[in-house]
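Student:
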Amino acid sequence: MTATATAPAHQTTTKRVLLAAPRGYCAGVDRAVVAVEKALETYGAPVYVRKEIVHNKHVVETLRDRGAIFVNETDEVPEGARLVFSAHGVSPAVREAAAARSLDTIDATCPLVTKVHKEAVRFAKDDYDILLIGHTGHEEVEGTAGEAPDHVQVVNSPDEVDQVQVRDPQKLVWISQTTLSVDETMETVRRLRERFPELQDPPSDDICYATQNRQVAVKKLAPESDVVIVVGSANSSNSVRLVEVALQAGARASYRVDRAAEIDPAWLDGATTVGVTSGASVPEILVQDVIAYLDERGFADVEEVRTATEDLMFSLPRELARGLKAAGQEEKRPRRGARTALPVEPA
Numbered sequence: 001m002t003a004t005a006t007a008p009a010h011q012t013t014t015k016r017v018l019l020a021a022p023r024g025y026c027a028g029v030d031r032a033v034v035a036v037e038k039a040l041e042t043y044g045a046p047v048y049v050r051k052e053i054v055h056n057k058h059v060v061e062t063l064r065d066r067g068a069i070f071v072n073e074t075d076e077v078p079e080g081a082r083l084v085f086s087a088h089g090v091s092p093a094v095r096e097a098a099a100a101r102s103l104d105t106i107d108a109t110c111p112l113v114t115k116v117h118k119e120a121v122r123f124a125k126d127d128y129d130i131l132l133i134g135h136t137g138h139e140e141v142e143g144t145a146g147e148a149p150d151h152v153q154v155v156n157s158p159d160e161v162d163q164v165q166v167r168d169p170q171k172l173v174w175i176s177q178t179t180l181s182v183d184e185t186m187e188t189v190r191r192l193r194e195r196f197p198e199l200q201d202p203p204s205d206d207i208c209y210a211t212q213n214r215q216v217a218v219k220k221l222a223p224e225s226d227v228v229i230v231v232g233s234a235n236s237s238n239s240v241r242l243v244e245v246a247l248q249a250g251a252r253a254s255y256r257v258d259r260a261a262e263i264d265p266a267w268l269d270g271a272t273t274v275g276v277t278s279g280a281s282v283p284e285i286l287v288q289d290v291i292a293y294l295d296e297r298g299f300a301d302v303e304e305v306r307t308a309t310e311d312l313m314f315s316l317p318r319e320l321a322r323g324l325k326a327a328g329q330e331e332k333r334p335r336r337g338a339r340t341a342l343p344v345e346p347a
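Heads up, the sequence shown is in UniProt numbering, so the first residue is 1 and it goes up one at a time.
#1: Which residue comes first and which comes last in the beta strand (DSSP E) that contains residue 273?
#2: Return helix, strand or coil for residue 112, following the three-state DSSP convention.
#3: In whole angstroms, what separates the C-alpha of residue 355 from that of residue 100?
#4: In terms of alpha-carbon separation, which member of 256, 247, 207 and 245 lies closest to residue 235?
#5: Confirm, please, whether the CB-CB distance from residue 242 to residue 298 is below 8 Å.
#6: For residue 255, which of helix, strand or coil comes out of DSSP?
#7: With a CB to CB cut of under 6 Å and the five nearest residues on each side skipped, what residues in its chain are close to residue 170?
#8: In angstroms with no decimal places, state the Cα-to-Cα distance between residue 341 and residue 321.
#9: Would residue 87 and residue 218 qualify as a contact pair, given that the criterion is a beta-carbon distance under 8 Å?
#10: With a CB to CB cut of under 6 Å and the five nearest residues on each side skipped, what residues in its chain are close to residue 184?
#11: State the Cα-Cα distance for the pair residue 167 and residue 146, rounded to the nearest angstrom.
#12: Going by C-alpha distance, which of 312, 313, 138 and 193 is nearest residue 179?
#13: Could you tell me how far apart the beta carbons of residue 348 and residue 28 are, in whole angstroms, since I believe they sit closer than 8 Å?
#14: I need the straight-line Cα distance from residue 292 to residue 97, nearest angstrom please.
#15: Is it buried or exposed, residue 309, if we count other Cβ atoms within 10 angstroms and call 16 or more buried?
#16: Going by Cα to Cα distance, which pick from 189, 51 and 55 is closest to residue 74?
#17: Using the rule of at least 16 other Cβ atoms within 10 Å of the residue's Cβ for burial, across every protein chain shown, is residue 24 buried or exposed?
#18: Which residue's Cα is closest to the Cα of residue 79: 126, 105 and 148?
#19: May I ask you to report which of helix, strand or coil DSSP gives residue 312?
#20: Among 94, 290, 213 and 203, which has the Cα closest to the Cα of residue 143?
#21: Check for me: the beta strand (DSSP E) holding residue 106 runs from which residue to which?
#22: Tell whether a beta-carbon distance below 8 Å holds between residue 230 and residue 237.
#23: Using a Cβ-Cβ cutoff of less than 7 Å, which residues in the same chain neighbour residue 273 once the five nearest sequence positions on both sides are dropped?
#24: Keeping to the same chain, check which residues put their C-beta closer than 8 Å to that of residue 286; ignore five residues upstream and five downstream.
#25: With DSSP as the reference, label residue 128 as helix, strand or coil.
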């Protein structure tokens, strides 16, 4: 899935943009957004969505304009109505609450998040203490921890390692939120292992491929960038991490914006090279608006810095796929056509 390339090494006085690739939508986000779009097309409005389907203002506003109704909890949804679970996943308690209201649910949880849920269930069944590296309050963390609340404790950062208490250091495993900084996560693991040498790793990497790929691309372009602009919403964990990664990798400055209109022209004063990327829940149209904004200010030379090529795609949620089949519709993918969808393992 990966291929390497190097960023341009030459120095230049020409104003230019280094455009990260990969950037923007990952397979899990694409699947979740298309699920809501298809549900609206197939069943009509309203379609309810628990929390934001993905963490991006533009996406949420666009779907709301089309008839999606976003709610915080299942008790806000009329009994018997149709409810989509967001890409970040939900706990068993949320599923039970939805069933109690006879809601017709569509599970748009990213399959890579579902994988982490299954890890939590497996290790809890074997009576392990589970250290979940992630951010308290994030929907993904709440959903994963909810799979085994008596076994999971959240570790927010390396600085919290000293506070961790476990029952048996011999039966201890770590798992993680999928959208974290790779470097900070591994530093947390390093410190945990200093305290608990028998700490076990998850069976496979929990930080998703898209999060890692976007961070690698930013690390490549950041040392040559006077400014790195990250397109993404404030509640998007992976977008916020990209700003941090850019600064740690050598960018002189880095800023996050939801859209081009939020760019402060003063950020560009004296800059000759601007790096641009976007979080995994950001549609490409928002990036192109930033490119157009920079072009108007003399940054006309756009060079792509590619560090990986992504071709992964997930099939739509099985509940929706059944509905489309019953309605005589095909599972068409408007953004990632001409690729074979990977089946999603049943929960």
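Glycine residues also receive a C-beta, built at the ideal position from the N, C-alpha and C atoms.
Tutor: With the structure as the only source:
#1: Position 273 of the sequence shown, counting from 1, holds the residue named residue 273. Its beta strand (DSSP E) spans residues 273 to 278.
#2: For the purposes of this step, residue 112 is identified with residue 112 of the sequence shown, where counting begins at 1. In the structure shown, residue 112 sits in a helix (DSSP, three-state: H, G or I).
#3: Not covered by the structure: residue 355. The range shown for the chain is 1 to 347.
#4: In the sequence shown, counting from the first residue as 1, residue 235 sits at position 235. Comparing Cα positions, the closest option is 256.
#5: Sequence index remark: in the sequence shown, residue 298 carries index 298 (1-based). Sequence index remark: in the sequence shown, residue 242 carries index 242 (1-based). Cβ distance not < 8 Å, so residue 298 and residue 242 don't count as in contact.
#6: On the sequence shown, residue 255 is found 255 positions in, with the first residue counted as 1. Correct three-state label for residue 255: strand.
#7: Here residue 170 is taken as the residue at index 170 of the sequence shown, counted from 1. The answer, listed in chain order, is 198.
#8: Counting from 1 along the sequence shown, the entry for residue 341 is found at position 341. Counting from 1 along the sequence shown, the entry for residue 321 is found at position 321. Here residue 341 scores only 39 on pLDDT, less than 50, and its place in the model should not be relied on; the value that follows carries that caveat. C-alpha separation (whole angstroms): 12 Å.
#9: As a position in the sequence shown, residue 87 is number 87, starting the count at 1. As a position in the sequence shown, residue 218 is number 218, starting the count at 1. No, they are not a contact pair.
#10: Taking the first residue of the sequence shown as 1, we reach residue 184 at position 184. Nothing meets the Cβ criterion.
#11: Translated into the one-based positions of the sequence shown, residue 167 becomes position 167. Translated into the one-based positions of the sequence shown, residue 146 becomes position 146. Distance between the alpha carbons of residue 167 and residue 146: 19 Å.
#12: The residue you call residue 179 lines up with position 179 of the sequence shown. The option with the nearest alpha carbon to residue 179 is 138.
#13: In the structure displayed, the chain extends from 1 to 347; residue 348 sits before or after that span and is not available.
#14: On the sequence shown, residue 292 is found 292 positions in, with the first residue counted as 1. On the sequence shown, residue 97 is found 97 positions in, with the first residue counted as 1. If I take the Cα positions, the gap works out to 46 Å.
#15: On the sequence shown, residue 309 is found 309 positions in, with the first residue counted as 1. Exposed.
#16: For the purposes of this step, residue 74 is identified with residue 74 of the sequence shown, where counting begins at 1. Here the closest residue by C-alpha is 51.
#17: Translated into positions along the sequence shown, residue 24 becomes position 24. Under this definition residue 24 is a buried residue.
#18: Within the sequence shown, numbered from 1, the residue matching residue 79 stands at position 79. Taking only the C-alpha atoms, the option nearest residue 79 is 105.
#19: As a first step, residue 312 is located in the sequence shown; it is residue number 312 there, counting from the start. Residue state, collapsed to three classes: coil.
#20: On the sequence shown, position 143 is the one that residue 143 refers to. The shortest C-alpha separation from residue 143 is found at 94.
#21: The residue labelled residue 106 in the question sits at position 106 within the sequence shown. 104 to 107 is the extent of the beta strand (DSSP E) around residue 106.
#22: Residue numbering aside, residue 230 sits at position 230 when the sequence shown is read from its first letter. Residue numbering aside, residue 237 sits at position 237 when the sequence shown is read from its first letter. Result no, Cβ atoms of residue 230 and residue 237 do not sit closer than 8 Å.
#23: In the sequence shown, counting from the first residue as 1, residue 273 sits at position 273. These residues qualify, in order along the chain: 16, 18, 224, 225 and 226.
#24: Your numbering for residue 286 matches position 286 in the sequence shown. So the qualifying residues of the chain are 58, 231, 258, 259, 260 and 278.
#25: Counting from 1 along the sequence shown, the entry for residue 128 is found at position 128. Note: residue 128 maps to coil in three-state DSSP.
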